[in-house]
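Take a look at the structure below.
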Amino acid sequence: MDKKVVFQRLGVILAYPLAYAYVRLVLSFTRTFYIDAVIGEGRFSLNIAYPIFALLFIIVNEIVRRGRRNAEEKPSKETIFWYALTFLSGLTATFGPEEMLSVFAMHLCAVYSVLISNNILLGGKTSGFIPADLIHGFYVKSFAGFPNFFVDWKAFVKPKTEDTTEVSEAAPKKHILSAVIFVIIMSVLLLFAVCFMASIDNDISAFFDSIFGWLCDYLVSLNVEEIFVRLVFAIPVCLYLYGLMARSAKSDGMREKRVAAWLLQSKGKGKTVSSLLVYIAAGVFVGGYILFFIKRLAYMLGGFAGDVPDGMLVSHYAREGFFELVGIMAVNMCVYLAIILMGKSDSDGKFSVPAKILVTLLMLESIIFAVIAMSKLGLYYSIFGYTPKRILAMWATLTLGFAALMTIITVHRGKPHFREGVLFTSASYIAICILSGVLVAIGA
Numbered sequence: 056m057d058k059k060v061v062f063q064r065l066g067v068i069l070a071y072p073l074a075y076a077y078v079r080l081v082l083s084f085t086r087t088f089y090i091d092a093v094i095g096e097g098r099f100s101l102n103i104a105y106p107i108f109a110l111l112f113i114i115v116n117e118i119v120r121r122g123r124r125n126a127e128e129k130p131s132k133e134t135i136f137w138y139a140l141t142f143l144s145g146l147t148a149t150f151g152p153e154e155m156l157s158v159f160a161m162h163l164c165a166v167y168s169v170l171i172s173n174n175i176l177l178g179g180k181t182s183g184f185i186p187a188d189l190i191h192g193f194y195v196k197s198f199a200g201f202p203n204f205f206v207d208w209k210a211f212v213k214p215k216t217e218d219t220t221e222v223s224e225a226a227p228k229k230h231i232l233s234a235v236i237f238v239i240i241m242s243v244l245l246l247f248a249v250c251f252m253a254s255i256d257n258d259i260s261a262f263f264d265s266i267f268g269w270l271c272d273y274l275v276s277l278n279v280e281e282i283f284v285r286l287v288f289a290i291p292v293c294l295y296l297y298g299l300m301a302r303s304a305k306s307d308g309m310r311e312k313r314v315a316a317w318l319l320q321s322k323g324k325g326k327t328v329s330s331l332l333v334y335i336a337a338g339v340f341v342g343g344y345i346l347f348f349i350k351r352l353a354y355m356l357g358g359f360a361g362d363v364p365d366g367m368l369v370s371h372y373a374r375e376g377f378f379e380l381v382g383i384m385a386v387n388m389c390v391y392l393a394i395i396l397m398g399k400s401d402s403d404g405k406f407s408v409p410a411k412i413l414v415t416l417l418m419l420e421s422i423i424f425a426v427i428a429m430s431k432l433g434l435y436y437s438i439f440g441y442t443p444k445r446i447l448a449m450w451a452t453l454t455l456g457f458a459a460l461m462t463i464i465t466v467h468r469g470k471p472h473f474r475e476g477v478l479f480t481s482a483s484y485i486a487i488c489i490l491s492g493v494l495v496a497i498g499a
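Note that our numbering gives residue 97 to position 42 of the sequence shown, counting from 1, and the numbers run on in steps of one.
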């Protein structure tokens with residue numbers, strides 16, 4: 056049998072078990088999948104459900120991809136990288152500083168890995184279209200692909216062969232799915248018949264009690280009603296997951312190219328704000344931050360020397376203004392996005408010299424804010440030690456600072472560095488989660 060057909064059939068067969076695994080593993084509200092681990096003096100529980108599902112998702116997607124494209128086509132380096140991030144995101148949910156954040160990251164990486172494994176990204180590669188790519192995967196491909204689960208059962212139909220012999224009447228074809236459904240229906244009907252007979256005759260009831268009593272006890276211990284709910288809920292999950300994988304694998308990428316072209320045209324039409332207005336707006340932010348630095352310079356630099364203003368607790372000083380500084384950095388990135396989306400540029404899309412200067416100053420101020428925020432966090436950490444929220448705050452600050460640096464490089468080189476920003480954000484989050492796990496293990 057052709058390998059491609061084998062992969063097609065396996066993909067359809069494994070779709071529902073994968074969906075059930077998602078419901079059972081990821082949506083489990085019990086501690087069934089926790090294992091206790093002891094490293095040094097540290098004792099903690101690890102939830103192994105997330106990495107298990109991530110691995111199953113990767114395997115099934117690769118099977119579906121090969122069944123719908125080329126059975127011999129190996130995953131690209133980019134695909135392997137995002138597969139690894141999907142698995143590591145699930146793994147960091149077991150020991151990272153914030154479980155739900157890692158689970159959210161696992162979902163993002165999983166959908167993105169499906170798109171990149173089939174080479175159907177809107178920009179052709181990781182680019183500024185990544186929000187549109189994720190929307191495309193989470194909603195367009197998945198929901199539009201719901202019927203694929205039913206349509207793709209045709210992989211089990213044997214191809215027609217020419218037969219020169221005349222047949223008066225074609226014999227009905229056998230189908231494995233029909234046989235399975237028939238056996239299930241007969242089993243359920245038999246169970247009802249036995250129950251009715253047992254309720255009438257005590258001897259029959261005692262006979263079946265002696266034979267199947269242990270089975271009833273076992274079913275009670277399994278919480279059959281919970282299993283039934285999971286079985287039902289896994290049906291839409293199956294349609295969603297298989298729809299995402301199969302529709303992505305069947306795409307030739309032409310539709311994605313048309314959508315990307317439309318987005319580029321829409322982006323260009325929005326660049327109607329005059330350069331003078333852009334200069335004034337950016338200058339207001341730059342000048343405002345300069346005045347703020349002058350007024351609060353001594354106070355903000357106290358974190359570097361460990362000097363705390365008189366009458367203020369160290370804990371209060373370290374916390375005060377930290378999240379506001381991070382918020383200002385996020386605002387500055389939004390200012391930059393507004394400028395590039397709406398402000399007029401040269402015919403080749405590059406910034407004018409005044410715009411380059413203003414954006415560079417704005418991003419340099421963001422980097423200064425990041426350094427000051429890190430000094431406050433370092434002071435707090437040196438006194439009060441490790442907590443998951445503090446290490447997440449460190450990661451967010453570093454990420455925004457890196458984004459500001461990439462923005463400066465982009466403005467002066469005229470080449471987008473969004474790809475580097477995405478890779479840094481993803482890799483740094485994995486690294487910060489591993490660091491968090493190490494700190495927990497050593498009892499920090």
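The beta carbon of each residue, even a glycine, is placed where N, CA and C say it ideally should be.
This structure is a prediction, so every number in the text was calculated from the model and none was measured.
Drop a sphere of 10 angstroms on the beta-carbon of residue i, count the other beta-carbons inside from all chains shown, and report buried for 16 or more, exposed for fewer.
i	result
residue 257	exposed
residue 194	exposed
residue 238	exposed
residue 207	buried
residue 186	exposed
residue 244	exposed
residue 307	exposed
residue 222	Note that residue 222 scores 49 on pLDDT, short of 50, meaning its location in the model is unreliable and no value can be drawn from it.
residue 402	Confidence is the limiting factor: at residue 402 the pLDDT is only 47, short of 50, which leaves the residue's position unreliable and the question unanswerable from this model.
residue 390	buried
residue 219	Here the model assigns residue 219 a pLDDT of 49, short of 50, so the residue's position is not dependable and the matter cannot be decided.
residue 478	exposed
residue 57	exposed
residue 379	exposed
residue 236	exposed
residue 410	buried
residue 142	buried
residue 188	buried
residue 456	buried
residue 106	buried
residue 117	buried
residue 309	exposed
Less than 7 Å between the beta carbons of residue i and residue j, yes or no?
i	j	result
residue 145	residue 155	no
residue 36	residue 466	Absent from the model: residue 36. The displayed extent of the chain is 56 to 499, so no value can be given.
residue 179	residue 302	no
residue 460	residue 314	no
residue 434	residue 448	no
residue 151	residue 170	no
residue 112	residue 148	no
residue 126	residue 62	yes
residue 468	residue 181	no
residue 294	residue 204	yes
residue 347	residue 428	no
residue 299	residue 197	yes
residue 316	residue 173	no
residue 419	residue 387	no
residue 40	residue 78	Summary: the structure shown does not reach residue 40, with the chain confined to residues 56 through 499, and so no result is reported for it.
residue 108	residue 67	no
residue 248	residue 263	no
From which residue to which residue does the alpha helix (DSSP H) around residue i run?
i	result
residue 428	408 to 439
residue 177	It is not in any alpha helix (DSSP H) - residue 177 carries neither H nor E in the DSSP assignment.
residue 75	58 to 76
residue 144	132 to 150
residue 442	Premise fails: residue 442 is in no alpha helix (DSSP H) and is neither H nor E.
residue 205	203 to 206
residue 187	185 to 190
Answer yes or no: the CB of residue i versus the heavy atoms of the ligand SAH, is any distance below 6 Å?
i	result
residue 142	With respect to the ligand SAH, the structure shown offers nothing to examine, as it has no ligands at all.
Ignoring anything shorter than 3 residues or poking outside the region 106 to 130, list the beta strand (DSSP E) runs there in chain order. With a minimum length of 3 residues, no continuous beta strand (DSSP E) run stays inside the region 106 to 130.
What are the uninterrupted segments assigned as alpha helix (DSSP H) that are 4 or more residues long and contained completely in the region 242 to 316, given in chain order? Here the runs fully enclosed are 257 to 276 and 279 to 305.
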